[in-house]
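These notes concern the structure reproduced below.
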Amino acid sequence: MSINHFHIVCSPEDGVTAADLGDSLTRISTVTSLRPNFQARSGTTNPKPKSARAELVSIRAPNGRKRSPGGRAVLAITNWLGNEEGMFALRMVVVTIGLSVPAVFMSSAGFFYRNRGLWAVIMAQLTLVPYTAELLFGSLIRVFGTIVGGVIGMVVWYIGAGNGPGNLYSLAAIFAPAIVLMIWCHLFTSPAVMPAGIMMGATAFLLAGYSWSDTQIPQYGTPGVGYAVFWRRVVTVLVGIAGALIVIFIPKPPSANRHYRNLLSDILVNIGDRYALFASSWKDPAPDLRQVAEEEALAIGEILLTISGPIKLIVFEFSSSNFDTRTLALVCNQCMILNHNITLRLQYTSRFSQGE
């Protein structure tokens, strides 16, 4: 990048010396030690105390041409409707209405009620997530949990009831070890596979509960006994997941790979801004430098720890990017190291200025 001209300017607002590079790039100057001498010679003092937060904000402030109020309003509305959160909300509305339509027509309402179509609606809402990789992984573990839970529920029902209407005491006796198994899955399995444990427990209890209700309190619309409940449950779960998969790929599947690349690039920019803050204040640090450094480090560290696990799910995504799961995981790890190191630099700069 060529530099057309370079001259030192002083901000009239906070008195911070800055270097103007070209027409659009402004960085905080590292020549901060000249400020006390200049103030001593001029006999004036800065009315506003130096603030690390203000310097960091000035580093991050865009210097491009400002848009008109109308343009900003149109852009804000477009971003609100077309961003990832807006598209996710739109997909949720579409899949909910699409799967609920049979319940409002007279010709299909009975079919919807008898076959528990509400299970498909709930499953679509639970399965739908903002990104494709997480949806594919969640779909697989939910189907697995449903099948395992259905098998457990059928074992409990047929052992406790046999071919008869069932007995409360026998069902309670056989349900005890099943409940222990499901509680163990809730407590000791990884959070990533927690939906499988939830689906397992829900399916087992629904199967046994509806089977008992059908034999003890016959009423219209009961899904049946034992295996009849199981296959209805599996079919509605698959229908709900299929609905979520359809809407996630229309009009364009949201890429988790692209999301994590953008997020990591923003984090690297944040680290670069903090290094610029270090370079501009290492001789004359602001009183709040340590507080600002810790706040920024905690915010970035929380984001990195949050995405370190989901990055591994990119293997389920159909992506042609050169940044695969291993590469993004390495970048995330390097960002953690850089975040730690720049925080230590800022903290030590603040401590040395205080004579600690």
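Under the UniProt record's numbering, think of the first position of the sequence shown as 1, with each following residue one higher.
Where is the CB? At the ideal position from N, CA and C, for every residue including glycine.
All figures in this text were calculated on a predicted structure; none of them were measured in a lab.
Within the chosen definition, does the segment 164-178 reach the segment 229-247 through at least 3 CB pairs nearer than 8 Å? Using a C-beta cut-off of 8 Å, the segment 164-178 makes no contact with the segment 229-247, since fewer than three inter-stretch Cβ pairs fall below that distance.
Flag this pair as yes or no: are the beta carbons of Arg116 and Thr236 separated by less than 8 Å? Yes, the pair counts as a contact, with Cβ atoms nearer than the cut-off.
Can you look up Glu317 in the DSSP assignment and give me helix, strand or coil? Collapsing the DSSP output to three states places Glu317 in coil.
The alpha helix (DSSP H) with Ile241 in it runs from where to where? From DSSP, the alpha helix (DSSP H) with Ile241 extends over Tyr227 to Ile248.
Could you check the C-alpha separation between Leu304 and Arg114 for me, to the nearest Å? So the two alpha carbons sit approximately 47 Å from each other.
Separation of Asp288 from Leu346, as counted between CA atoms: Between the C-alpha atoms of Leu346 and Asp288 there is a straight-line separation of about 11 Å.
Considering just the uninterrupted stretch of the alpha helix (DSSP H) at Leu207, what are its terminal residues? From DSSP, the alpha helix (DSSP H) with Leu207 extends over Met194 to Gln216.
Is it the case that the Cβ atoms of Val121 and Leu99 are separated by a distance below 8 Å? Contact: yes.
Decide if the segment 135-151 is in contact with the segment 325-332; the criterion is three or more beta carbon pairs, one per stretch, under 8 Å apart. Flag = no, the segment 135-151 and the segment 325-332 do not touch.
Assigned secondary structure, Tyr131 (DSSP; H/G/I helix, E/B strand, else coil): When secondary structure is reduced to three states using DSSP, Tyr131 falls in the coil class, being assigned neither helix nor strand.
Return the first residue and the last residue of the alpha helix (DSSP H) that Ser308 is part of. DSSP places Ser308 in the uninterrupted alpha helix (DSSP H) bounded by Leu289 to Ser308.
When we look at the beta-carbon of Asn339 and count the other beta-carbons within 10 Å, is it buried (16 or more) or exposed? Asn339 is buried by the Cβ-count criterion.
Quick check on Gly160: buried or exposed, where buried means 16 or more other Cβ atoms within 10 Å of its Cβ? By the neighbour-count rule (16 or more Cβ atoms within 10 Å), Gly160 is buried.
Helix, strand or coil: how does DSSP classify Tyr220 here? It is coil, neither helix nor strand.
Are the Cβ atoms of Ala244 and Thr96 separated by less than 8 Å? Contact annotation: Ala244 and Thr96 have beta-carbon atoms that are not nearer than 8 Å.
Grouping DSSP H, G and I as helix and E and B as strand, with all else coil, what is Phe105? In the structure shown, Phe105 sits in coil (DSSP, three-state: anything other than H, G, I, E or B).
Give a yes or no on whether the C-beta atoms belonging to Asp273 and Ile59 are separated by under 8 Å. Judged by beta-carbon spacing, Ile59 lies within the 8 Å limit of Asp273, meaning their Cβ atoms are closer than that value.
List the whole-angstrom C-beta distance separating Arg233 from Leu206, where the pair is believed to meet the contact cut-off of C-beta under 8 Å. The C-beta separation of Arg233 from Leu206 comes to about 6 Å, placing the pair in contact by the 8 Å criterion.
Determine, using beta carbons only, whether Tyr348 and Ile311 come nearer to each other than 8 Å. No, they are not a contact pair.
Could you tell me the distance, in whole angstroms, from the CA atom of Thr132 to the CA atom of Thr222? Rounded to whole angstroms, Thr132 and Thr222 show a C-alpha spacing of 35 Å.
Nearest-angstrom Cα separation, counted from Ile307 out to Ala293: About 21 Å.
Residue burial classification, Met106 (beta-carbon count within 10 angstroms, cutoff 16): It is exposed - the Cβ of Met106 has fewer than 16 other Cβ atoms within 10 Å.
Alpha-carbon spacing of Ala196 relative to Trp119, whole angstroms: Ala196 and Trp119 have their alpha carbons spaced roughly 16 Å apart.
For the putative contact between Leu136 and Phe352, defined by C-beta atoms under 8 Å, what is the C-beta separation to the nearest angstrom? The C-beta distance from Leu136 to Phe352 rounds to 51 Å, too long to fall under 8 Å, and the pair is not in contact.
Is the shortest distance between the beta-carbon of Met336 and the beta-carbons of chain D less than 8 Å? Annotation note: the requested chain D is absent from the structure, which comprises a single protein chain.
Own chain, CB closer than 6 Å to Ile337, minus 5 neighbours either side, in chain order: Excluding residues within five positions, none has a Cβ falling inside 6 Å.
Segment limits, alpha helix (DSSP H) that includes Asp266: Per DSSP, the continuous alpha helix (DSSP H) segment holding Asp266 begins and ends at Ala256 to Ser281.
What residue does the alpha helix (DSSP H) around Ala61 start on, and which one ends it? Per DSSP, Ala61 belongs to no alpha helix (DSSP H) and is neither H nor E.
C-alpha gap between Leu211 and Pro165, whole angstroms: For the sequence presented, residue 211 should be read as Ser rather than Leu. Spanning the two alpha carbons is a distance of roughly 9 Å.
Taking Cβ positions, are Cys332 and Leu264 nearer each other than 8 Å? Contact: yes.
Determine the extent of the alpha helix (DSSP H) in which Ser68 is found, giving its start and end residues. No alpha helix (DSSP H) holds Ser68; DSSP gives it neither H nor E.
Does Val225 pass the burial test, meaning 16 or more other C-beta atoms within 10 Å, or should it be called exposed? Counting Cβ neighbours within 10 Å, Val225 comes out buried, since at least 16 surround it.
So, for Val193: in the same chain, excluding its five sequence neighbours on each side, which residues have a beta-carbon less than 6 Å away from its beta-carbon? Taken in chain order, the residues that qualify are Ile141.
My output table needs one value for Met190: the three-state DSSP class, helix, strand or coil. Correcting the residue identity first, residue 190 is Ser in this sequence and not Met. Residue state, collapsed to three classes: coil.
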